[in-house]
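Trainee:
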Amino acid sequence: MSIVIERRPLSQRLAPVFSGFDIPLLLGLALLGGLGLLTMYSAGFDHGTRFVDHGRNMLLALMLLFLVAQVPPQRLMRIAVPLYTVGVALLVATALFGITKKGATRWLNVGLVIQPSELMKLAMPLMLAWWFQKREGQLRTLDFAVAGALLLLPVGLVVKQPDLGTAILILSGGLYVIYFAGLSWKLILPVLLAGALGIGALVFSADQICQDDVKWPLLREYQKHRVCTLLDPTTDPLGKGFHIIQGMIAIGSGGPTGKGFMKGTQTHLEFIPERTTDFIFAAYAEEFGLVGTLCLIACFSFVLIRGLIIAAEAPTVFTRLLGGALTLSFFTYAMVNMGMVSGILPVVGIPLPFISYGGTAMVTLGLALGMLMSIAKSRRLMQS
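Residues in the sequence shown are numbered from 1 upward in steps of one, following UniProt numbering.
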């Protein structure tokens, strides 16, 4: 008796690997990637190998997105607690034995130099989504209090480094999960009101509290200068306010349609500091103007809406909370970066997704979007 083994064609064997991907989300990311390459070529063609490296980082992020998308959400939920635990342990080790550069202790040598706070951008929403999945159907005030403690522990360690930009991203990612889990508006509104009153008081009393002899509690001197420079950049136009002023000049000089590709004078005469990293939005706005800026915002908004749709249609509490938090965290990157370059928010060193140069941020975004794609795949495979 002979046994016949039928080998399926390669296309059929690979079909499950590529099936279930959310095409609209991929399209939105492809548009952002294209704009990022276009902008990086203009801003960084004469800046060493920035353009080539940016393309390489994008390919790496795409590979990570593809690989993480193959991991079912159930397995992602299993790694939530270990990843969070390792992340917090590394942050504690950084505080005790970390490497200090320019007054900040953010790096740790574990055979290679790493920045543990980057890990918490993903570990935080995973952990809180896992927590609320376990508490499904029996949420109490205590459960939200525990979630708040789980969030504030790593945020406090990162603020102490100090790294305000990363702390904001970790905090926002955790708050998004807590909000989507059903936090009452009775608790949210007082915080928002207190924040609005605090900002108003800060603006009206800027002349008094920004004096050199006034010390701000909980903030370091350079952080105080960032806020005061935001309130009035002209007080130090050649120093602390230079970044903001030049960014606003570049954005304003772009006009409705921009100066044209590779024709930005502020950019190519090197008036814009960090033109390939934190302030690349100013270079983009100068060359593509208001129309180009609206197109960029539309691309980010499309990815936001698509991500929230994926989260809303997800089958479990864990996937809904994780998908919503990852999507809004992605949008937070864009909102904070555009705000600080435009002079609306303090400069905190947060990159513009897929547009700014930066390998670490690109890897983090690739992993986060891979998780979002995994959630989309799981829903589609359940329906098929």
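Glycine residues also receive a C-beta, built at the ideal position from the N, C-alpha and C atoms.
What is the DSSP secondary structure of K101, reduced to helix, strand or coil?
Mentor: As a position in the sequence shown, residue 101 is number 101, starting the count at 1. Looking at K101 - three-state DSSP - the assignment turns out to be strand.
Trainee: Please go through the same chain and pick out, in chain order, the residues whose beta-carbon is closer than 6 angstroms to the beta-carbon of E313, but skip the five residues on each side of it.
Mentor: Position 313 of the sequence shown holds residue 313. Correct list, in chain order: R379.
Trainee: From the DSSP output, in three-state form, read off V348 for me.
Mentor: As a first step, residue 348 is located in the sequence shown; it is residue number 348 there, counting from the start. Note: V348 maps to coil in three-state DSSP.
Trainee: Can you have a look at G359 and say buried or exposed, based on whether 16 or more other CB atoms are within 10 angstroms of its CB?
Mentor: Numbered from 1 along the sequence shown, position 359 holds the residue referred to as residue 359. So G359 ends up on the exposed side.
Trainee: What would DSSP say about W185, mapped onto helix, strand or coil?
Mentor: Indexing the sequence shown from 1 puts residue 185 at position 185. Of the three classes helix, strand and coil, the one that applies to W185 here is helix, per DSSP.
Trainee: Could you pull out every residue in the same chain whose Cβ sits closer than 7 angstroms to the Cβ of I297, ignoring the five residues on either side in sequence?
Mentor: Position 297 of the sequence shown, counting from 1, holds the residue named residue 297. Taken in chain order, the list of residues that qualify is empty.
Trainee: If you drop the 5 nearest sequence neighbours on each side, which residues of the same chain put their C-beta closer than 8 angstroms to that of residue 461?
Mentor: Within the shown structure, residues of the chain are numbered from 1 to 384, placing residue 461 beyond reach of any answer.
Trainee: With distances taken from CA atoms, which of M77, A89, L26 and I79 is nearest A61?
Mentor: Taking the sequence shown and counting its residues from 1, the one referred to as residue 61 is at position 61. It is L26.
Trainee: Please confirm if the region 270-289 is in contact with the region 338-346, defined as three or more CB-CB distances below 8 angstroms between the two stretches.
Mentor: Touching, yes, given that three or more Cβ pairs across the two stretches are closer than 8 angstroms.
Trainee: Closest to M127 by CA distance: which of V159, L157 and V86 is it?
Mentor: Here residue 127 corresponds to residue number 127 of the sequence shown, with the count starting at 1. For the residues V159, L157 and V86, the minimum Cα distance to M127 belongs to V86.
Trainee: Please report how far the alpha carbon of L64 lies from the alpha carbon of D212, in whole angstroms.
Mentor: On the sequence shown, position 64 is the one that residue 64 refers to. On the sequence shown, position 212 is the one that residue 212 refers to. Their backbone Cα atoms lie some 47 angstroms apart in a straight line.
Trainee: Just grab the DSSP bridge partners of N109 for me.
Mentor: Here the question's residue 109 lines up with position 109 in the sequence shown. According to DSSP, which records beta bridges pairwise, N109 is partnered with V113.
Trainee: Give a yes or no on whether the C-beta atoms belonging to A206 and L231 are separated by under 8 angstroms.
Mentor: One-based indexing of the sequence shown puts residue 206 at position 206. One-based indexing of the sequence shown puts residue 231 at position 231. Yes.
Trainee: Nearest to K134 by alpha carbon, out of W107, K101 and M77?
Mentor: On the sequence shown, position 134 is the one that residue 134 refers to. Closest by alpha carbon: M77.
Trainee: Going by Cα to Cα distance, which pick from I244, M248, H54 and W131 is closest to M40?
Mentor: For this step, residue 40 is matched to residue 40 along the sequence shown. Ranking I244, M248, H54 and W131 by Cα distance to M40 puts H54 first.
Trainee: Since F132 contacts V317 with CB under 8 angstroms, what's their CB separation in whole angstroms?
Mentor: Here residue 132 refers to the residue found at position 132 of the sequence shown. Here residue 317 refers to the residue found at position 317 of the sequence shown. Rounded, the Cβ-Cβ distance is 6 angstroms, consistent with contact.
Trainee: Going by the CB atoms, is the gap between I272 and L35 shorter than 8 angstroms?
Mentor: Reading the sequence shown from its first residue, position 35 is the one you call residue 35. Reading the sequence shown from its first residue, position 272 is the one you call residue 272. No, Cβ-Cβ distance for L35 and I272 is not below 8 angstroms.
Trainee: Taking the CB atoms as reference points, tell me whether I209 and T229 lie closer together than 8 angstroms.
Mentor: For the purposes of this step, residue 209 is taken as residue 209 along the sequence shown, with counting starting at 1. For the purposes of this step, residue 229 is taken as residue 229 along the sequence shown, with counting starting at 1. No. Outside cutoff.
Trainee: Under 6 angstroms Cβ to Cβ from A250, same chain only, skipping five residues before and after it: list those, please.
Mentor: Counting from 1 along the sequence shown, the entry for residue 250 is found at position 250. If we look at A250 and ignore the five residues flanking it on each side, its Cβ neighbours are Q266, I272, A282 and E286.
Trainee: Using DSSP with H/G/I as helix, E/B as strand and the rest coil, what is I272?
Mentor: For the purposes of this step, residue 272 is identified with residue 272 of the sequence shown, where counting begins at 1. If DSSP states are grouped into helix, strand and coil, I272 belongs with coil.
Trainee: Alpha helix (DSSP H) containing T316: first to last residue?
Mentor: For the purposes of this step, residue 316 is taken as residue 316 along the sequence shown, with counting starting at 1. Here T316 belongs to no alpha helix (DSSP H), and DSSP marks it neither H nor E.
Trainee: Is the beta carbon of V68 less than 8 angstroms from the beta carbon of M362?
Mentor: One-based indexing of the sequence shown puts residue 68 at position 68. One-based indexing of the sequence shown puts residue 362 at position 362. Taking 8 angstroms as the Cβ cut-off, V68 and M362 do not qualify as a contacting pair.
Trainee: Given a cut-off of 8 angstroms on the beta-carbon distance, is the pair L96 and L157 in contact?
Mentor: Against the sequence shown, residue 96 aligns to sequence position 96. Against the sequence shown, residue 157 aligns to sequence position 157. Their beta carbons are not under 8 angstroms apart, which means L96 does not touch L157 by this criterion.
Trainee: By DSSP, does R135 sit in helix, in strand, or in coil?
Mentor: Position 135 of the sequence shown holds residue 135. R135 falls in the coil class under three-state DSSP.
Trainee: What is the C-beta distance between Y357 and R50, in whole angstroms, given that I count them as a contact (C-beta under 8 angstroms)?
Mentor: As a position in the sequence shown, residue 357 is number 357, starting the count at 1. As a position in the sequence shown, residue 50 is number 50, starting the count at 1. About 5 angstroms separates the two Cβ atoms, so the contact holds.
Trainee: Please classify residue 390 as buried or exposed, where buried requires at least 16 neighbouring CB atoms within 10 angstroms.
Mentor: Residue numbering for the chain in the displayed model covers 1 to 384; residue 390 lies beyond these limits and cannot be assessed.
Trainee: Considering only the alpha carbon of each residue, which of L197, E118 and G148 lies closest to T166?
Mentor: On the sequence shown, position 166 is the one that residue 166 refers to. Taking only the C-alpha atoms, the option nearest T166 is E118.
Trainee: Please name the residue in L187, V227 and W107 whose C-alpha comes closest to that of V203.
Mentor: Translated into the one-based positions of the sequence shown, residue 203 becomes position 203. Ranking the options by Cα distance to V203, first place goes to V227.
Trainee: What did DSSP end up calling H47 once you bin it into helix, strand or coil?
Mentor: Locating residue 47 in the sequence shown gives position 47, counting from the first residue. The answer is coil: DSSP assigns H47 none of H, G, I, E or B.
Trainee: Is the beta carbon of L321 sitting closer than 8 angstroms to the one on V177?
Mentor: Taking the sequence shown and counting its residues from 1, the one referred to as residue 321 is at position 321. Taking the sequence shown and counting its residues from 1, the one referred to as residue 177 is at position 177. A contact, by the Cβ cut-off of 8 angstroms.
Trainee: Tell me whether F261 is buried or exposed, calling it buried when 16 or more other Cβ atoms sit within 10 Å of its Cβ.
Mentor: Position 261 of the sequence shown holds residue 261. It counts as exposed.
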